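To keep things clear, I will list the structure first and then write my remarks on it.
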Amino acid sequence: MGEAATKSDRQQNQTRLWLNILRLHGLVFGDLNRQLLDETGLSLAKFDAMAQLARNPDGLSMGKLSGALKVTNGNVSGLVNRLIKDGMVVKAMSADDRRSFSAKLTDAGLTTFKQASEAHNRILAELLRAVSDQDMVEASAALRGILESMQTGASLD
Numbered sequence: 003m004g005e006a007a008t009k010s011d012r013q014q015n016q017t018r019l020w021l022n023i024l025r026l027h028g029l030v031f032g033d034l035n036r037q038l039l040d041e042t043g044l045s046l047a048k049f050d051a052m053a054q055l056a057r058n059p060d061g062l063s064m065g066k067l068s069g070a071l072k073v074t075n076g077n078v079s080g081l082v083n084r085l086i087k088d089g090m091v092v093k094a095m096s097a098d099d100r101r102s103f104s105a106k107l108t109d110a111g112l113t114t115f116k117q118a119s120e121a122h123n124r125i126l127a128e129l130l131r132a133v134s135d136q137d138m139v140e141a142s143a144a145l146r147g148i149l150e151s152m153q154t155g156a157s158l159d
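Here the working numbering is used: the first residue of the sequence shown is 3, the next is one more, and so on.
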């Protein structure tokens with residue numbers, strides 16, 4: 003009986019953790035995406051791509067950008083093409099590999115990103131205003147520990 007109860011408790015804990023992560027992600031992502039789009043015209047997807055490019059002023063290959071954003075190459079190509087259309091990004095043939103392209107922020111893209119970054123920080127602060135610093139630190143540490151455990155476990159397989 004004890005082993006079955008322990009297994010059942012663990013399954014309940016796993017489900018609760020998963021559902022809480024989903025709820026939190028949905029709440030923060032939805033509100034942040036909507037408000038950022040309303041204020042800056044940038045979706046979180048565009049903002050995240052621009053953030054990666056802002057950290058890499060010489061540009062990133064499409065593959066590296068895809069890896070950094072954790073999306074497929076097809077998704078990143080569409081995203082970059084929309085940013086090009088918006089005048090935020092330019093795409094150039096890679097100097098290292100003529101078969102690949104790199105993306106780089108334009109001056110207008112960098113200016114827009116800096117403004118959007120301020121809005122992003124302000125919106126996030128507003129969304130998390132009721133959460134204490136201690137709760138944020140503890141939750142971050144717990145989630146980081148879970149991530150590390152999962153990554154270590156995955157590498158052992």
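Ideal Cβ positions, reconstructed from N, Cα and C, are used throughout, including at glycine.
Computed from a predicted model, the values in this text were never measured in an experiment.
### Query
When burial is assigned at 16 or more other CB atoms within 10 Å of the CB, is Gln-54 buried or exposed?
Buried.
### Query
Asn-77 to Thr-8, Cα distance in whole Å?
A direct Cα-to-Cα measurement between Asn-77 and Thr-8 gives close to 42 Å.
#### Entry: Delimiting residues of the alpha helix (DSSP H) encompassing Ser-68
For Ser-68, the enclosing alpha helix (DSSP H) starts and ends at 64-71.
### Task
Per DSSP, which residues does Val-30 bridge with? Please list them.
According to DSSP, Val-30 bridges with nothing at all.
### Task
With a 10 Å radius around its C-beta and 16 neighbouring C-beta atoms as the bar for buried, classify Ala-118 as buried or exposed.
With 16 or more other Cβ atoms within 10 Å, it is buried.
### Task
List the residues that DSSP assigns as beta-bridge partners of Lys-93.
By DSSP's assignment, Lys-93 forms a beta bridge with Ala-105.
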